[in-house]
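Participant:
Protein chains in written order, with our numbering: chain R, 412 to 530; chain A, 412 to 530.
1) Work out the CA separation of residue 450/A and residue 495/A for me, nearest whole Å.
2) Does any residue of chain R have a CB that is nearer than 7 Å to the CB of residue 449/A?
3) State buried or exposed for residue 465/A, treating a residue as buried only when at least 16 other CB atoms are found within 10 Å of its CB.
4) Measure the C-alpha to C-alpha separation of residue 534/R and residue 512/R and round it to an integer number of angstroms.
5) Pair every Cβ in the stretch 470-486 of chain A with every Cβ in the stretch 435-451 of chain A, then say whether three or more of these pairs are closer than 8 Å.
6) Could you tell me the alpha carbon to alpha carbon distance between residue 472/R and residue 525/R, rounded to whole angstroms?
7) Assuming the contact rule is C-beta atoms closer than 8 Å, residue 420/R and residue 420/A should be a hit. Round their C-beta distance to whole Å, please.
8) Name, please, each residue of chain A whose Cβ falls closer than 7 Å to the Cβ of residue 481/R.
9) What are the boundary residues of the beta strand (DSSP E) that includes residue 387/A?
10) Kindly list the residues whose CB is nearer than 8 Å to the CB of residue 460/R, restricted to its own chain and excluding five residues on each side of it in sequence; keep chain order.
11) Below 6 Å CB to CB, which residues in the same chain sit around residue 523/A once its five sequence neighbours on both sides are set aside?
12) Anything in the stretch 449-469 of chain A with a Cβ closer than 8 Å to a Cβ of chain R? List those residues in chain order, please.
13) Pull up the DSSP beta-bridge partners for residue 512/R, would you.
14) Helix, strand or coil, according to DSSP, for residue 518/R in the structure here?
15) DSSP beta-bridge partners for residue 457/A?
16) Would you report the Cα separation of residue 505/R and residue 519/A, rounded to the nearest angstrom?
17) List the residues of chain A whose Cβ lies closer than 8 Å to the Cβ of residue 361/R, in chain order.
18) Given that a residue counts as buried once 16 or more other Cβ atoms are within 10 Å of its Cβ, and exposed if not, what is residue 447/A?
Spelled out as structure tokens, the structure:
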């Protein structure tokens, strides 16, 4: 097999309860990862698309957060109900799910309107 | 800040001792990740280059294994002594370190000559 066609990383970082930035694990990101893995396998994509857990992706206010490479598409606030659409539209069809993409004003910036806790 | 210019994932997966495929954690991948993080910060790349830990990248026989996106360059058998070169040549200079790249005959294949334990 060649390199993965798509490599998806789900933030599963966990912080102590009450941390001002929150964390993806606190937003059930592990369940999202598990479901993505199952749906990818059920669609015969194993070996072509890899679903990985990752440490803190530093987009904590938008959890569960995930990123798809090589295209570098970032998703936030992903729920179990979104998994099928991400797999069908993006991972199979090549069309990112616009409504779940993190806005440029949110991605990787302390000025993000969701971030109230400072950098 | 825009999206990360480069996003590096270091496998820090840990298996029980004696597992036939081994694991990256058993090859000191956490120390490599820590050192990458420190050298990236010391070179002022914080916010532009992100160093992440990741779950199993499924290239276990070549640990510590890491992958750099968006270009999708895979490295294997990385040691602390290799960190400066990866940062200077690849993450700053844009030139992957050829001698550390996983061969196409090794990447993502059960037929890899390093894999003796079966799929």
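All C-beta atoms, glycine included, are put in the ideal place defined by N, C-alpha and C.
Facilitator: The short version:
1) The residue given as residue 495/A occupies position 84 in the second chain. The residue given as residue 450/A occupies position 39 in the second chain. One C-alpha to the other measures close to 7 Å.
2) Working through the second chain from its first residue, we reach residue 449/A at position 38. Answer no: the Cβ-Cβ gap between residue 449/A and chain R never drops below 7 Å.
3) The residue given as residue 465/A occupies position 54 in the second chain. Result: buried.
4) As shown, chain R starts at 412 and ends at 530. That puts residue 534/R outside it, with no answer to give.
5) yes
6) If you number the first chain from 1, residue 472/R lands on position 61. If you number the first chain from 1, residue 525/R lands on position 114. Distance between the alpha carbons of residue 472/R and residue 525/R: 6 Å.
7) Here residue 420/R refers to the residue found at position 9 when the first chain is read from its first residue. Here residue 420/A refers to the residue found at position 9 when the second chain is read from its first residue. About 7 Å separates the two Cβ atoms, so the contact holds.
8) Mapped onto the first chain, residue 481/R falls at position 70. Here the neighbours are 480, 481, 483.
9) Past the boundaries of the shown model lies residue 387/A; chain A is included only from 412 to 530, so the question cannot be answered.
10) Residue numbering aside, residue 460/R sits at position 49 when the first chain is read from its first letter. Counting only Cβ-Cβ distances below 8 Å, and skipping sequence neighbours, we find 415, 416, 417, 418, 419, 451, 502.
11) Translated into positions along the second chain, residue 523/A becomes position 112. The residues are 517.
12) 458, 461, 463, 464, 465, 466, 467, 468, 469
13) Residue 512/R sits at position 101 when you count from the first residue of the first chain. 486/R, per the DSSP bridge assignment.
14) As a first step, residue 518/R is located in the first chain; it is residue number 107 there, counting from the start. Three-state DSSP puts residue 518/R in coil, outside helix and strand.
15) On the second chain, position 46 is the one that residue 457/A refers to. DSSP, once it has assigned bridges, lists 460/A as partnering residue 457/A.
16) By 1-based counting over the first chain, the position of residue 505/R is 94. By 1-based counting over the second chain, the position of residue 519/A is 108. If you take the alpha carbons of residue 505/R and residue 519/A, they lie about 22 Å apart.
17) The structure shown does not extend to residue 361/R, since chain R is modelled only from 412 to 530, so the question has no answer here.
18) The residue given as residue 447/A occupies position 36 in the second chain. Under this definition residue 447/A is a buried residue.
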